[in-house]
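Comments concern the structure below.
Residue numbers (the numbering used here): 12 to 219.
So this is what it looks like as structure tokens:
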């Protein structure tokens, strides 16, 4: 699994357990049985689909000149739309009660910086509300990406990428590598820069 600012492990989400019309709300133990881990879902759904969103709009400068990349055809927009929806719904899967962080025996890739899976699980269980608040932030930012896609607005999609990245990192520095001071400092600096842009109307207000 990758570890860098753009993506990472400790991604957070909002679980909405709806009630059918005329019936009572369902809580934990309502028949939902998690069969895969948070790490599984991160590797299979979150990482690859976040990458597609981040890489969908870009400018590349090389010896051959400047290349602008953005969705243009209906097929292009359909592809990024699928990824946005997958990312939003992966958030719900990651907050199903009882889901383990990783399989038994899995270890941190860098124990000097990263927490072990069981330590991450302890932190999530110790303050579920904090996990949910991070989840809400990430899901809102993923929904901003979807809104940009529905408008076929490449500039808005590009602008949504930074807050989406910061939403990911807001989890990483709590649950994945809380002892990485350099990552914390970089995150705090980016938060300040994004807040300035947000006040100027250059970033979506919902991703905070």
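Even for Gly, the Cβ is constructed at its ideal location relative to N, Cα and C.
State buried or exposed for residue i, treating a residue as buried only when at least 16 other CB atoms are found within 10 Å of its CB.
i: residue 112; result: buried
i: residue 48; result: buried
i: residue 98; result: buried
i: residue 93; result: exposed
i: residue 136; result: exposed
i: residue 172; result: buried
i: residue 73; result: exposed
i: residue 207; result: exposed
i: residue 58; result: buried
i: residue 139; result: exposed
i: residue 35; result: At residue 35, the pLDDT of 36 sits below 50, so the modelled position is not reliable and the matter cannot be decided from this model.
i: residue 82; result: buried
i: residue 67; result: buried
i: residue 131; result: buried
i: residue 55; result: exposed
i: residue 85; result: exposed
i: residue 181; result: buried
i: residue 9; result: Past the boundaries of the shown model lies residue 9; the chain is included only from 12 to 219, so the question cannot be answered.
Give the secondary structure of residue i by DSSP, where H, G and I count as helix, E and B as strand, and everything else as coil.
i: residue 118; result: coil
i: residue 207; result: helix
i: residue 79; result: strand
i: residue 194; result: helix
i: residue 67; result: coil
i: residue 200; result: helix
i: residue 212; result: coil
i: residue 72; result: strand
i: residue 223; result: With the chain represented from 12 up to 219, any question about residue 223 goes unanswered, as that position is not in the structure.
i: residue 12; result: Bear in mind that a pLDDT of 49 at residue 12, under 50, signals an unreliable position, so the number given afterwards is only what the model happens to contain. Coil.
Our contact map puts residue i next to residue j with C-beta atoms below 8 Å; I'd like the distance itself, whole angstroms only.
i: residue 104; j: residue 63; result: In fact, because the Cβ distance is near 18 Å, the residues do not count as touching under 8 Å.
i: residue 88; j: residue 160; result: 6 Å
i: residue 95; j: residue 157; result: 4 Å
Using 9 Å as the limit for Cβ to Cβ distance, is residue i near chain D?
i: residue 93; result: In the structure shown, chain D cannot be found, because there is only a single protein chain.
Just checking, does the stretch 149-158 make contact with the stretch 172-181 on the three C-beta pairs under 8 Å criterion? Segments in contact, yes.
| query | Okay, do the stretch 119-133 and the stretch 179-195 touch, 3+ Cβ pairs below 8 Å being the bar? | reply | yes
Point to revise | Start-end ranges of the alpha helix (DSSP H) lying completely within the stretch 106-189, minimum 4 residues | key: Those alpha helix (DSSP H) runs which fall completely within the stretch 106-189 and span 4+ residues are 128-137, 139-162 and 165-182.
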